[in-house]
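One structure is given here, and the rest of the page talks about it.
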Amino acid sequence: MHNSRLTGRLLLAVTLFLMETVVSTKTVTTCDNSYNVHRLSCDFGVIGVQSALYGRADSETCSEGRPANQISDTSCSQQGTTDVIRTRCDGKSVCELNVKVVRTSDPCAGTYKYLQTNYTCLPAIQVTACEFSVAHLYCDVGQVILVYGADYGRRDQTTCIYKRPESQITNVDCSNPTKKVAESCNGKNSCIINANNAFFGDPCQGTYKYLEVAYVCEYPTV
Ligand SMILES: *[C@@H]1O[C@H](CO)[C@@H](O)[C@H](O)[C@H]1NC(C)=O
């Protein structure tokens, strides 16, 4: 009796710890400037973007040294920002982008803006395979693969770049989410995927691409 109560309490503590570390939301804010880098990262797992704002929602954030008239509009938000950040970052363990990426129009001229992203780190395994390489997905004995997401293309200038000519790595608007990995691998204990155009088609000719996969291992539901 005493023992099981202790076990129960321990379990609760462990569960709370996991929820704290795995599911808690992170917030990153970057003040508007052409050179500022917006960086999302997960020590464990992969990024799942919840919401992103380019604009201004309060008068404190990124207000240092700014005149009152540049920080008084607190209902400024550019449409579509969340989608842009999701496209760039979901499923990665680290995601860096320039604020320029979201500054496609000006939702409130004269107001000093910032980019803010809320995201969680989903407990997934992340695999990256450069074009013409092979991605190996595998789980422990008795478990099966469940793919969260996969993208074959190019979303940054830091992945799979070694000795590649500039011209092949500059196009980072080549996000190409694909269901093919899930179709091939879900329910299997291990799985091999060729990261090439023959399998995925070519989403951006002339660009050296890579495959990013996020998956979890589960006990099969009977
Ligand atoms: C991020 O979360 C905080 C805390 O809940 C909230 O105040 C803020 O508005 C959120 N930002 C975005 C961009 O959703």
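Residue numbers (mature numbering (1 follows the signal peptide of the UniProt record, and there is no 0)): -25 to -1, 1 to 197.
Even glycine gets a Cβ: it sits at the ideal position worked out from N, Cα and C.
Quick caveat, the model's predicted, so the values are computed rather than measured.
Query: Outcome for residue 181 when other beta-carbon atoms lying within 10 angstroms are tallied against a minimum of 16; Result: exposed
Query: Presumed contact (8 angstroms Cβ cut-off) between residue 6 and residue 48, rounded CB distance; Result: No, residue 6 and residue 48 are not in contact; Cβ-Cβ is about 16 angstroms, not under 8 angstroms.
Query: Distance CB(residue 66)-CB(residue 124) smaller than 8 angstroms; Result: yes
Query: Under the three-state DSSP convention, the category residue 44 falls into; Result: helix
Query: Per-residue burial, residue 130 [other beta carbons within 10 Å of its own, 16 or more giving buried]; Result: buried
Query: Residue 4 - containing beta strand (DSSP E), residue span; Result: -1 to 6
Query: Residue 26 - containing beta strand (DSSP E), residue span; Result: 21 to 31
Query: Range of the contiguous beta strand (DSSP E) that encloses residue 102; Result: 100 to 105
Query: Three CB pairs or more closer than 8 angstroms across the segment 140 to 159 and the segment 180 to 196; Result: yes
Query: Residue 10 to residue 77 span [Cα, whole Å]; Result: 13 angstroms
Query: Rounded distance between the beta-carbons of residue 2 and residue 253, thought under 8 angstroms; Result: Nothing can be reported for residue 253, as the shown portion of the chain is limited to -25 through 197.
Query: Beta-carbon contacts of residue 169 that lie in its chain and below 7 angstroms, excluding the five residues immediately before and after; Result: 109
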